[in-house]
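Numbering (full-length UniProt numbering), first residue to last: 1 to 157. From the three backbone atoms N, C-alpha and C, an ideal C-beta is built for every residue, glycine too. In this text the structure is predicted, and so the values were computed from the model without any measurement. Below is one structure, written out as structure tokens, with a few remarks after it.
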């Protein structure tokens, strides 16, 4: 089943694939589909035993959505994303530490990524500095990004 939102009427209209294919045939010249996509849609085989489509929630035993199953799916996906992200970060750092770089460069990069450089904005946030502004240009807060990449003086280097 395909749900289509009818803008001004603010209603949803149910179409089955047969109706959708016919509608695409009728209006393909005015659609946003490419000719290849139109061909692929029109060649989707239809069932020999047509019946109404049914909404099914695949993540429950009953096929009916409830908040419990939605929450479980969200937590599972978040955990997968966190584990993938942390393992790729760990791999990146492992590769970085093995590079043939001077120790001071490695430590400098580590401090950049861990917001450990004594930039004025960070020192001001920690109540150590009296102003967050960059003393060289006095136009922006002295963040690590500004000092290294965005400051006109940094760009000229």
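Nearest-angstrom beta carbon gap, residue j and residue i [assumed within contact, 8 Å]
i, j, result
"residue 144", "residue 119", "5 Å"
"residue 124", "residue 116", "Rounded, the Cβ-Cβ distance is 15 Å, inconsistent with contact."
Straight-line gap, residue i to residue j (C-alpha atoms, nearest Å)
i, j, result
"residue 128", "residue 122", "9 Å"
"residue 109", "residue 148", "12 Å"
"residue 60", "residue 69", "6 Å"
"residue 94", "residue 112", "17 Å"
"residue 35", "residue 50", "27 Å"
"residue 92", "residue 100", "15 Å"
"residue 157", "residue 150", "11 Å"
"residue 98", "residue 87", "17 Å"
"residue 62", "residue 73", "15 Å"
"residue 71", "residue 52", "29 Å"
"residue 67", "residue 57", "11 Å"
"residue 104", "residue 126", "25 Å"
DSSP three-state assignment for residue i, whether helix, strand or coil
i, result
"residue 124", "helix"
"residue 65", "coil"
"residue 71", "helix"
"residue 141", "strand"
"residue 39", "helix"
Status (buried if at least 16 other CB within 10 Å, exposed otherwise) for residue i
i, result
"residue 79", "exposed"
"residue 134", "buried"
"residue 146", "buried"
"residue 81", "exposed"
Which listed residue (the options) has its alpha carbon closest to that of residue i
i, options, result
"residue 163", "47, 152, 40, 75", "This structure gives no information on residue 163, because the portion of the chain shown stretches from 1 to 157."
"residue 54", "48, 64, 33, 75", "64"
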